[in-house]
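>
In the numbering used here, the protein residues as written are 7 to 105.
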């Protein structure tokens, strides 16, 4: 059960994946208190440093590197995907179907 890569993740699918019917899509403003040292919309993928669980699509684990905002809209972190998994303790799941 995987949504196509070209569509937004359905909330019901995420609720089922995470086993939590209260899961909703968050807006940037919803993250302000958690990621107070980051610009809105530029939260880093190191949610574990903020007490937020990290989930990674299985397809990304085969990539040599991944890149994501470093807390600002001007800086990017690039890291080996396997290093990222080790540092964050991310749970690997199937979010997106291959194209």
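Every residue gets a Cβ at the ideal spot worked out from N, C-alpha and C, and that includes glycine.
Kindly indicate the opening and closing residues of the beta strand (DSSP E) around residue 58.
Looking at the DSSP string, residue 58 is not in any beta strand (DSSP E), and its letter there is neither H nor E.
> Is residue 105 helix, strand or coil when you go by DSSP?
Per-residue confidence for residue 105 stands at a pLDDT of 44, beneath the threshold of 50, marking its modelled position as unreliable; the derived number appears in the next sentence. Residue 105: coil per DSSP, three-state reduction.
> Report the rounded CA-to-CA distance for residue 35 versus residue 88, giving the unit in angstroms.
Approximately 30 Å between the Cα atoms of the pair.
> Straight-line CA distance for residue 22 to residue 52?
About 23 Å.
> Where do the ends of the beta strand (DSSP E) carrying residue 74 lie?
Its beta strand (DSSP E) spans residues 71 to 75.
> What do you reckon, are the CB atoms on residue 50 and residue 73 nearer than 8 Å?
Their beta carbons are not under 8 Å apart, which means residue 50 does not touch residue 73 by this criterion.
> So, under 8 Å CB-CB, residue 96 and residue 60 are touching, yes? Tell me the CB distance rounded to an integer number of Å.
About 4 Å; that satisfies the 8 Å criterion.
> Below 8 Å on the Cβ atoms is my contact criterion, and I expect residue 62 with residue 40 to pass it. Report the Cβ-Cβ distance as a whole number of Å.
Residue 62 to residue 40, Cβ: 19 Å. No contact.
> Could you tell me the alpha carbon to alpha carbon distance between residue 99 and residue 43, rounded to whole angstroms?
Rounded to whole angstroms, residue 99 to residue 43 spans 28 Å at the Cα level.
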